[in-house]
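Asker: Per full-length UniProt numbering, the first sequence starts with residue 1, numbered consecutively. My questions all concern the structure below.
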Amino acid sequence: MAHTLFSNLITWSESQYSHLPWREKRTLYKTLVSEIMLQQTTVGTVLNHFERFLVEYPTIFDLAKSTEEQVCISWKGLGYYRRARSLRNVAIQVVEEFKGQIPTNIDDLQTLKGIGPYTANAIVAIGADKKALAVDANLERVLARFYGVDVEKGPKLQKRLWSDFAHKKIMAEMDGLSARAINEAMMDLGRIICQARKASCVLCPLAPKCKAKASGDPLQYPVEGAKKESEELFIRTLRVVVKEKKKILVYQKGAKEWLSGQWELPTFILETNDEKLKQYPHIKIKQNYEKLPYVKTGITKYDIHNYILEMSLEEFEKMTKKIEIVYEFKTNDEKLNMSTATQKVFKILNKAK
DNA sequence: TGTCCACGTCT
DNA sequence: AAGACGTGGAC
């Protein structure tokens, strides 16, 4: 009986992964924070930040009282900083509209900006242990394989899984089992055993009834959509270091730019094949920039080499006469919301000394 | 080192 | 509804 399979799955998951910090003494608040962190982010990365974040914001009221800038600083290293702003706004909204009690039904949760179908279901199923299914990319893959669904990956597959499989079958499996345990276990399975590019079927508790395993080629599910050719985009930036005593020259990124609100070294485009790019002003320098030290960064679809150049304030002012950005001297410490790329530049400079 | 890839929600 | 958003892991 399939029910036994899912019990085995839960046993496997609980024996190995109950120690994740958001699972220990689980609360709705820890679930909210961890699930927002886990959007687009691997468990390993979240492990590096979750507990510190909880020390800084032990309750939803602490989070609601904090400033946007402080929450973004606390979010450093997790990326997709819009999530940090959303999380704070959710906290404020929950305090104002729900007396600080995080709702446990899908509809109320989805009224909160930043909480979509996945996170709403995760909070209901995992946070409140009420019947729901949080279908992230892991679940999508596991379910497509288990049921052998050959619908193209993406929104179509999500819909198909939800209407034909997830809702009717998995939800039925939850009768008599914990919704929390089954959701956590399915995610663990996708993360550890039933990975996108590797399926360790010999270890899998669901293998006896898995259609993908039976097919002999489990990786054929989920079916990949046609990949579209996209032009490779590169940027070569100049990152300028101007020091004055213990301070460095930086500027704050605007609302519509990448990494909005963060502080960066003065940054200019030396060369790019994307003519529409408006993130930084263009500049020309006399020397061959390819001989300068550089660090690689990446954001969205761009391959970026950041060339580093130290200069005096006089030289800098001469170079940027026609540029209207406001640059200021600031101390580079933990109170400054400094971009990852800028931190990488300093790492390289310190290493060189 | 480089290259490829994964990943929820909003707009 | 296609593209934006950042980081880290696998090989």
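Beta carbons: idealized from backbone N, C-alpha and C, even for Gly. This one's a predicted model, so the numbers in the text were calculated from it and none came from an experiment.
Residues in its own chain within less than 6 Å of Thr342 by CB, not counting five upstream and five downstream?
Answerer: Excluding residues within five positions, the ones whose Cβ falls inside 6 Å are Glu264, Leu265.
Asker: Below 8 Å on the Cβ atoms is my contact criterion, and I expect His49 with Gly77 to pass it. Report the Cβ-Cβ distance as a whole number of Å.
Answerer: At roughly 6 Å, the Cβ-Cβ gap stays under 8 Å, so His49 and Gly77 are in contact.
Asker: Give me the residue from Gln158, Ile299, Val46 with the minimum Cα distance to Phe234.
Answerer: The shortest C-alpha separation from Phe234 is found at Ile299.
Asker: Go through its chain and collect everything with a Cβ distance to Leu270's Cβ below 6 Å, but skip five positions before and after it.
Answerer: So the list reads Arg236, Leu238, Tyr289, once near-sequence residues are dropped.
Asker: Express the C-alpha separation of Tyr17 and Leu9 in angstroms, rounding to a whole number.
Answerer: Going from the Cα of Leu9 to the Cα of Tyr17 covers about 12 Å.
Asker: With DSSP run on the structure shown, which of helix, strand or coil describes Val55?
Answerer: Reduced to three states, the DSSP call for Val55 is helix.
Asker: On the DSSP letters alone, give me the boundaries of the alpha helix (DSSP H) that Lys30 sits inside.
Answerer: Lys30 -> alpha helix (DSSP H) spans 28-38.
Asker: Have a look at the DSSP bridge pairing and note the partners of Asn337.
Answerer: Bridge partners of Asn337: none, in fact.
Asker: So Ile308 and Val345 are in contact, right, with Cβ under 8 Å, and what is the actual spacing, rounded?
Answerer: About 6 Å separates the two Cβ atoms, so the contact holds.
Asker: Could you have a look at Tyr118 and say whether DSSP puts it in helix, strand or coil?
Answerer: Here Tyr118 sits in helix by DSSP.
Asker: Quick check: Met171 and Ile182, are their CB atoms within less than 7 Å of each other?
Answerer: Not closer than 7 Å, so no.
Asker: Entirely within the UniProt domain "HhH-GPD" (37-192) and at least 4 residues each: give me those alpha helix (DSSP H) ranges in chain order.
Answerer: Those alpha helix (DSSP H) runs which fall completely within the UniProt domain "HhH-GPD" (37-192) and span 4+ residues are 43-47, 50-56, 60-65, 68-74, 82-97, 106-110, 117-122, 137-147, 155-160, 179-188.
Asker: Taking 7 Å as the limit between beta carbons, can you name the residues of its chain near Cys194, skipping five residues before and five after?
Answerer: Correct list, in chain order: Arg141, Val142, Arg145, Cys204.
Asker: On the CB-based measure, 16 or more other CB atoms within 10 Å of its CB, does Met1 come out buried or exposed?
Answerer: Because Met1 carries a pLDDT of 48, less than 50, the predicted location of this residue cannot be relied on, and no value is offered for it.
Asker: Quick one: Cα of Lys113 to Cα of Asp217, how far?
Answerer: For Lys113 and Asp217, the distance between alpha carbons rounds to 40 Å.
Asker: Tell me which residues share the same chain as Gly148 and place their Cβ nearer than 7 Å to its Cβ, disregarding the 5 neighbours each side in the sequence.
Answerer: So the qualifying residues of the chain are Lys211, Ala212, Ser215, Tyr221.
Asker: Could you work out which residue in Ser13, Ser15, Lys296, Lys301 is closest to Asn273 when comparing CA atoms only?
Answerer: Comparing Cα-Cα distances from Asn273 to each of Ser13, Ser15, Lys296, Lys301, the minimum goes to Lys301.
Asker: Taking all protein chains shown into account, decide if Lys335 is buried (16 or more other Cβ within 10 angstroms of its Cβ) or exposed.
Answerer: It is exposed - the Cβ of Lys335 has fewer than 16 other Cβ atoms within 10 Å.
Asker: Should Val326 be labelled buried (16 or more other beta-carbon atoms within 10 Å of its own) or exposed?
Answerer: Its Cβ having fewer than 16 others within 10 Å, Val326 is exposed.
Asker: In chain order, what residues of the same chain have a beta carbon less than 8 Å from the beta carbon of Arg88, not counting five sequence neighbours either side?
Answerer: Answer for Arg88: Leu63, Ala64, Ser66, Glu68, Val71, listed in chain order.
Asker: List the residues that DSSP assigns as beta-bridge partners of Lys295.
Answerer: The question names Lys, but residue 295 in the sequence shown is Val. Answer is Asn306.
Asker: Closest by CA to Ser13, which one among Val240, Leu189, Lys131?
Answerer: Out of Val240, Leu189, Lys131, Leu189 has the C-alpha closest to the C-alpha of Ser13.
Asker: If we call anything under 7 Å between Cβ atoms a contact, is Ala120 one with Gln110?
Answerer: Against a cut-off of 7 Å, the Cβ pair of Gln110 and Ala120 comes out as a contact.
Asker: To which residues of the same chain is Asn337 closer than 7 Å at the C-beta, ignoring the five residues directly before and after it?
Answerer: Contacts found: Glu69, Cys72, Ile73, Gly261, Gln262, Trp263.
Asker: Apart from the five residues just before and just after Leu292, which ones in its own chain have a Cβ nearer than 7 Å to its Cβ?
Answerer: These residues qualify, in order along the chain: Tyr307, Ile308, Leu309.
Asker: Does the Cβ-Cβ distance between Glu152 and Val223 come in under 7 Å?
Answerer: Yes.
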